[in-house]
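Undergrad: Here it is, the structure in full.
4 protein chains.
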Amino acid sequence: MPSPTATLLISCPDQKGLVAKIANFIYSNGGNIIHADQHTDFAAGLFLTRLEWQLEGFNLPREVIEPAFAAIAKPLEATWQLHFSDTIPRIAIWVTKQDHCLLDLLWRQQAKELPAEIPLIISNHTQLEPIVKQFGIDFYHLPIAKETKAEQEAKQLEILKQYKIDLVVLAKYLQILSAEFIANFPKIINIHHSFLPAFAGANPYHRAYERGVKIIGATAHYATAELDEGPIIEQDVVRVSHRDDVADLIRKGKDLERVVLARAVRLHLQNRVLIYGNRTVVFG
Amino acid sequence: MPSPTATLLISCPDQKGLVAKIANFIYSNGGNIIHADQHTDFAAGLFLTRLEWQLEGFNLPREVIEPAFAAIAKPLEATWQLHFSDTIPRIAIWVTKQDHCLLDLLWRQQAKELPAEIPLIISNHTQLEPIVKQFGIDFYHLPIAKETKAEQEAKQLEILKQYKIDLVVLAKYLQILSAEFIANFPKIINIHHSFLPAFAGANPYHRAYERGVKIIGATAHYATAELDEGPIIEQDVVRVSHRDDVADLIRKGKDLERVVLARAVRLHLQNRVLIYGNRTVVFG
Amino acid sequence: MPSPTATLLISCPDQKGLVAKIANFIYSNGGNIIHADQHTDFAAGLFLTRLEWQLEGFNLPREVIEPAFAAIAKPLEATWQLHFSDTIPRIAIWVTKQDHCLLDLLWRQQAKELPAEIPLIISNHTQLEPIVKQFGIDFYHLPIAKETKAEQEAKQLEILKQYKIDLVVLAKYLQILSAEFIANFPKIINIHHSFLPAFAGANPYHRAYERGVKIIGATAHYATAELDEGPIIEQDVVRVSHRDDVADLIRKGKDLERVVLARAVRLHLQNRVLIYGNRTVVFG
Amino acid sequence: MPSPTATLLISCPDQKGLVAKIANFIYSNGGNIIHADQHTDFAAGLFLTRLEWQLEGFNLPREVIEPAFAAIAKPLEATWQLHFSDTIPRIAIWVTKQDHCLLDLLWRQQAKELPAEIPLIISNHTQLEPIVKQFGIDFYHLPIAKETKAEQEAKQLEILKQYKIDLVVLAKYLQILSAEFIANFPKIINIHHSFLPAFAGANPYHRAYERGVKIIGATAHYATAELDEGPIIEQDVVRVSHRDDVADLIRKGKDLERVVLARAVRLHLQNRVLIYGNRTVVFG
């Protein structure tokens, strides 16, 4: 699909005529819809939709689409986002010492599976600096201690701003971000190495082993101020047996973490994830 | 959702404004859409959609909806179906000797998982007659031999007509239907006990064992004149190991067959399956 | 395999020569081993094994096997069980109002998937009595209230004794058993309708919906005095999406509960499950 | 587990006393068994086992183990292999143009998931040479044309010999090896990008799309003279939907190919795979 597209992600109180009104906006301006999906959450009384249309042949200039749609959205009390497929988001990947998720994301970005630029890696350790350098990406070492955390988070925010980062991906960044940080930069995807809400917090594989579970999982979610409690984007699982000790769980889990995080980041980058309350609609 | 709904399943050549035109038809007549999903097959140049709306408050009387929509559909060269949620379809289940899929469907129908009536069971054997009688369902024993097949199929068609059957479910009916039969009664869902196209035809579990596969599957599909080649609705799989002999594959496969067939029948009954070419869109 | 077999399940502190010693006991008495599997838990320093051999041609009379093996087991400080495949265990199924797990177990028993007799159903409600009667099984209605619980549990134990029950299967019996009861009758398998340890306790599907998980699960475990904390035998999961409301989770979960419970009961009946600490070895 | 171990993989006609005889051999020489698993294929009349024991404290010198066990194996008509865990196998990876399986194997080898050396990459194209060089591995470009195939295969065999290669991994090497080559170098693992036996041969993703399957798979197997017909080691699958076009199947399939191939190579390297007939026992 070479032609650039526009995507609207909309949520608003449910009422009659929403599909028609929104589709008419696109059609009356000459747009060709290539993806339209909607979901109604009856319990919440919410209408949620994603529409994607080709910009080629669309009569409204890009800069006019936003104000034009705002006039439609306002009476609907809609919350909405507008994205253009040729505006490439910029990602910062945060890591600690483990390389598997980092390498996986970098490889997928090179393989064009992730429509994004990755100009920045931040770590609280130095172990992954050589790998990052090989890829020609800027690396910042920002160690975290209790007494320096606030200061370092301020620096992190500054660097994110400087690099014009749209999305932070915590690719096994084993530090808790403060509520202030998240309030200042809310677009953060984290991978947690368990099937949430089981084993939230530290050492999930050790605790999974102790509990004697027969399946382990991984969860990608948006970070919120409450640890491991944010809206879930994607989860997956793998079977384990009594033959698997903690080291085996960690090894098997790494494959899960890679693929679950990569799927979540891709879905986010394709503007397929709509957060409402503490949950997500993932438009497949 | 107590209010009855209408559902449109539509496929037509892709062009601009399809979502708007169809949504407008519903909105301008006062309908509240509760499910709208669409898919564009770019390779085939086809637009496919499912819309479901509440009839309460809809201004068109039921008998007018069809002709009214026909006027919209014709210029679009659309193929379409209209269904009302309170028109309960009637299913005939066909079996041979195995009871697991039959019992599963009957139990689900009683548990209200399948919005359908099941007034008729047909079998080429008599083994399952006692079970069927327990459920108070009519049972027809129509044995098939080469020389009687045409004659028996004529009888089957007559009985289907007499019972006003909308859907035949082949729940392990281990007989091949003739192309003539299928042409006369095309709404047939079959469960095949393999991961099609692997092991199409006879004895899939034996052949899976011989091949030494590590995973087995089951496939629910619409029956067509070519054996095991019809549009696939649903598939699922389960792991097997060297410890599983043919009897184990059959036992594990029974659980797959039950659940895969039940899911496919439910999706069909909810008018979520749209056939085009030899494939299906399953509106989730 | 028509010939009856004997099965030993053994756990003991790890040391050299265990496989040889145990295999020699069987071989020197003319036994043909048809299944031998072992596991060493290095962290716990434990050796765990399952051996199954044909009794045909075995030189020791049945009543001598136990004392003969006891002489070998004692110096090894082994904990062990001896089972004969033609001693058919007797199961009591406990239910509340839901029939899906009950029916599933009864079907499987009739289909010879479960090598057991099921002479007894106990319920704290009466809804399932008609179904149970159809199967010709004795049904006891023992309603539970706070003040009658101790009394009713005493009755339950008495009935279990009277019916010579070997295993209680809690097939959606939505009552908590007292620690005293479990101490008196420790062979109990429970199905919990979540992926433990996530959503232990009440209303797991509602809580899974609230949390916005993308996968739900079911867990079969041995009941212990601590609710939903016993050794896990089997777990499985199924994907859900934003389209699934609580009723959908319940419906999808029912299929999981059925199959997970049935697998666990079958594994137990085949003497494939060895408990140690709060975990199980499942000899596949 | 720092202590080196010895592993025996044995298959022989089933008879009484096999477990005892083999375990006695290890025990009487002071060996501590850390893994023992056996399988009896009743249909084939075959006993198959894997035993692993610690060499520390074992009384037989390494060079004596083989002749000593040969004396036991001969009367049993056993086929067997003996491996030492500190003898590190040498792998050659063969590729065409796609890098995902190659990179995955190289990462895993660096992450110590694969107990092997990878000194050699062979390709019929040059695209992956720069990546290989980054890893400091020797790269041979051996283009294949119909008229040069025999000659090039001779060269390949020579290089494998020169590098003392124990295992060839076809990591998306999209060329068919001749029966002669395979006869000369039989230790070859191939990844096929379908759920075999479905879609054996060329373009499996295109054919899967055409057939409209709801699940795709990948299969790792030993290469034999008949294309895609060799003994299967591992398979896995992933769901697809009508929204997935061929490019999506290819993208999703890449994740499967990586993980299925890696699991199979690891199982082989741990001497957990025993081939018999056209099937494998995988000792978990």
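Protein chains in written order, with the working numbering: chain A, 1 to 284; chain B, 1001 to 1284; chain C, 2001 to 2284; chain D, 3001 to 3284.
Cβ coordinates follow ideal geometry from the N, Cα and C atoms, glycine included.
Computed from a predicted structure; not experimentally measured.
Measuring alpha carbon to alpha carbon, tell me which of THR224(A), THR280(A), TYR276(A) ends up nearest VAL2240(C).
TA: Working through the third sequence from its first residue, we reach residue 2240(C) at position 240. Closest by alpha carbon: THR280(A).
Undergrad: Would you check if there are 3 or more beta carbon pairs closer than 8 Å linking the region 2244 to 2264 of chain C to the region 2218 to 2225 of chain C?
TA: Enough Cβ pairs lie closer than 8 Å, so yes.
Undergrad: So HIS39(A) is in the alpha helix (DSSP H); what residue range does that whole segment cover?
TA: Here residue 39(A) corresponds to residue number 39 of the first sequence, with the count starting at 1. Premise fails: HIS39(A) lies in the beta strand (DSSP E), 32 to 41, not in any alpha helix (DSSP H).
Undergrad: What's the gap between the Cα of PRO2197(C) and the Cα of GLY2230(C)?
TA: Residue numbering aside, residue 2197(C) sits at position 197 when the third sequence is read from its first letter. Residue numbering aside, residue 2230(C) sits at position 230 when the third sequence is read from its first letter. Using only the alpha carbons, I get a separation of about 10 Å.
Undergrad: Anyone know if the C-beta pair for ARG195(A) and VAL237(A) falls short of 7 Å?
TA: Sequence index remark: in the first sequence, residue 195(A) carries index 195 (1-based). Sequence index remark: in the first sequence, residue 237(A) carries index 237 (1-based). Looking at the sequence itself, residue 195(A) is Phe, so the reference to Arg does not match. Cβ atoms of PHE195(A) and VAL237(A): closer than 7 Å.
Undergrad: Can LEU2160(C) and PHE2135(C) be called in contact, C-beta distance under 7 Å?
TA: The residue you call residue 2160(C) lines up with position 160 of the third sequence. The residue you call residue 2135(C) lines up with position 135 of the third sequence. No, Cβ-Cβ distance for LEU2160(C) and PHE2135(C) is not below 7 Å.
Undergrad: Which of the three DSSP states, helix, strand or coil, is assigned to ARG3263(D)?
TA: For the purposes of this step, residue 3263(D) is taken as residue 263 along the fourth sequence, with counting starting at 1. Helix, per DSSP.
Undergrad: Beta-carbon separation of GLU3056(D) and SER3003(D) under 7 Å?
TA: As a working mapping, residue 3056(D) is identified with position 56 in the fourth sequence. As a working mapping, residue 3003(D) is identified with position 3 in the fourth sequence. Yes, they are a contact pair.
Undergrad: Does DSSP put ALA3111(D) in a helix, a strand or coil?
TA: What you label residue 3111(D) is simply residue 111 of the fourth sequence in a count that begins at 1. Of the three classes helix, strand and coil, the one that applies to ALA3111(D) here is coil, per DSSP.
Undergrad: Expressed to the nearest angstrom, what Euclidean distance is found between the alpha-carbon atoms of ILE26(A) and GLU1113(B)?
TA: One-based indexing of the first sequence puts residue 26(A) at position 26. One-based indexing of the second sequence puts residue 1113(B) at position 113. Between ILE26(A) and GLU1113(B), the C-alpha separation is close to 38 Å.
Undergrad: For GLU3052(D), go through chain A and note every residue whose CB falls closer than 7 Å to its CB, in chain order.
TA: The residue given as residue 3052(D) occupies position 52 in the fourth sequence. Going along chain A, no residue has its Cβ under 7 Å from GLU3052(D), so there is no contact; the nearest lies around 12 Å.
Undergrad: Candidates HIS1242(B), THR1087(B), GLU1129(B): which alpha carbon is nearest ILE3275(D)'s?
TA: As a position in the fourth sequence, residue 3275(D) is number 275, starting the count at 1. If we check each option's Cα against that of ILE3275(D), HIS1242(B) comes out closest.
Undergrad: For chain D, find out if any of its Cβ atoms is closer than 7 Å to the Cβ of ALA965(B); answer yes or no.
TA: Any answer about residue 965(B) is impossible in this case: the structure gives chain B only from 1001 up to 1284.
Undergrad: Would you tell me roughly how many angstroms separate the C-alpha atoms of ILE2189(C) and LEU2177(C), rounded to the nearest one?
TA: Numbered from 1 along the third sequence, position 189 holds the residue referred to as residue 2189(C). Numbered from 1 along the third sequence, position 177 holds the residue referred to as residue 2177(C). About 12 Å.
Undergrad: Against chain B, which members of the region 22 to 43 of chain A pass a CB distance test of less than 8 Å?
TA: So the close ones are ALA23, ASN24, ILE26, TYR27, SER28, GLY30, GLY31, ASN32, ILE33, ILE34, HIS35, ALA36, ASP37, GLN38, THR40, PHE42.
Undergrad: Quick check on the burial criterion: 16 or more other C-beta atoms within 10 angstroms. Buried or exposed for GLU66(A)?
TA: Here residue 66(A) refers to the residue found at position 66 of the first sequence. GLU66(A) should be labelled exposed.
Undergrad: Measure the C-alpha to C-alpha separation of ARG2108(C) and ALA179(A) and round it to an integer number of angstroms.
TA: Your numbering for residue 2108(C) matches position 108 in the third sequence. Your numbering for residue 179(A) matches position 179 in the first sequence. Spanning the two alpha carbons is a distance of roughly 53 Å.
Undergrad: For the 8 Å Cβ check, are there 3 or more pairs between the region 3069 to 3076 of chain D and the region 2264 to 2272 of chain C?
TA: No, the region 3069 to 3076 of chain D does not touch the region 2264 to 2272 of chain C.
Undergrad: Check each residue of the region 1100 to 1115 of chain B: if its Cβ is closer than 8 Å to any Cβ of chain C, include it; give the result in chain order.
TA: Of all residues in the region 1100 to 1115 of chain B, HIS1100, LEU1103, TRP1107, ALA1111, GLU1113 have a Cβ within less than 8 Å of some Cβ in chain C.
Undergrad: Check whether the Cβ atoms of ILE987(B) and GLY1253(B) sit closer than 7 Å, and answer yes or no.
TA: In this structure chain B extends from 1001 to 1284, so residue 987(B) is not present and cannot be described.
Undergrad: Are PHE2139(C) and GLU2129(C) touching if we call contact CB-CB under 7 Å?
TA: On the third sequence, residue 2139(C) is found 139 positions in, with the first residue counted as 1. On the third sequence, residue 2129(C) is found 129 positions in, with the first residue counted as 1. Contact: yes.
Undergrad: Am I right that PRO1075(B) and ASP1166(B) are in contact with their C-beta atoms under 8 Å? What's the rounded C-beta distance?
TA: Position 75 of the second sequence, counted from the start, is the residue given in the question as residue 1075(B). Position 166 of the second sequence, counted from the start, is the residue given in the question as residue 1166(B). Between ASP1166(B) and PRO1075(B) the Cβ distance is about 30 Å, and since that is not below 8 Å, they are no contact.
Undergrad: Under the three-state reduction of DSSP, which class applies to ASP1236(B): helix, strand or coil?
TA: Counting from 1 along the second sequence, the entry for residue 1236(B) is found at position 236. Strand, per DSSP.
Undergrad: Taking the alpha helix (DSSP H) that VAL3213(D) falls in, what are its first and last residues?
TA: Mapped onto the fourth sequence, residue 3213(D) falls at position 213. Note, VAL3213(D): premise wrong, no alpha helix (DSSP H); not H, not E.
Undergrad: THR2049(C) and ILE2010(C) - do their beta-carbons sit closer together than 7 Å?
TA: For the purposes of this step, residue 2010(C) is identified with residue 10 of the third sequence, where counting begins at 1. For the purposes of this step, residue 2049(C) is identified with residue 49 of the third sequence, where counting begins at 1. In contact: ILE2010(C) and THR2049(C) (Cβ atoms closer than 7 Å).
Undergrad: Within the 7 Å Cβ cut-off, does LYS1016(B) reach chain A?
TA: Here residue 1016(B) is taken as the residue at index 16 of the second sequence, counted from 1. True, the Cβ-Cβ gap to chain A drops below 7 Å.
Undergrad: Along the chain, which unbroken stretches of the beta strand (DSSP E) at least 3 residues long are found entirely within the region 1054 to 1120 of chain B?
TA: For the region 1054 to 1120 of chain B, whole beta strand (DSSP E) runs of length 3 or above, ordered along the chain, are 1079 to 1084, 1090 to 1095.
Undergrad: Between the alpha carbons of PHE1047(B) and ILE22(A), how many angstroms are there, rounded?
TA: Start at 1 with the first residue of the second sequence, and residue 1047(B) comes out as number 47. Start at 1 with the first residue of the first sequence, and residue 22(A) comes out as number 22. In a straight line, the C-alpha of PHE1047(B) is about 18 Å away from that of ILE22(A).
Undergrad: Along the chain, where does the beta strand (DSSP E) that runs through ILE3137(D) open and close?
TA: Position 137 of the fourth sequence, counting from 1, holds the residue named residue 3137(D). No beta strand (DSSP E) contains ILE3137(D), which DSSP labels as neither H nor E.
Undergrad: With H, G and I counted as helix, E and B as strand and the rest as coil, what does DSSP make of GLY3253(D)?
TA: Walking along the fourth sequence from the start, residue 3253(D) turns up at place 253. Helix.
Undergrad: Under a CB-based cut-off of 7 Å, is ALA2073(C) close to chain D?
TA: On the third sequence, residue 2073(C) is found 73 positions in, with the first residue counted as 1. No, because no Cβ of chain D sits closer than 7 Å to the Cβ of ALA2073(C).
Undergrad: Can you name the residues of chain C whose CB is closer than 8 Å to the CB of ALA3070(D)?
TA: On the fourth sequence, position 70 is the one that residue 3070(D) refers to. In chain order: nothing, as chain C lies at least about 20 Å away.
Undergrad: Could you give the residue range of the alpha helix (DSSP H) that holds LEU2018(C)?
TA: The sequence position of residue 2018(C) within the third sequence is 18, counting from 1. That run of the alpha helix (DSSP H) goes 2018 to 2028.
Undergrad: With TYR9(A) as the anchor, note down where its beta strand (DSSP E) starts and where it stops.
TA: Within the first sequence, the letter at position 9 stands for residue 9(A). Position check: residue 9(A) holds Leu in this sequence, whereas Tyr was assumed. Run containing LEU9(A): 5 to 13, per the beta strand (DSSP E) assignment.
Undergrad: Can you name the residues that DSSP bridges to SER3123(D)?
TA: For this step, residue 3123(D) is matched to residue 123 along the fourth sequence. SER3123(D) pairs with VAL3095(D), HIS3141(D).
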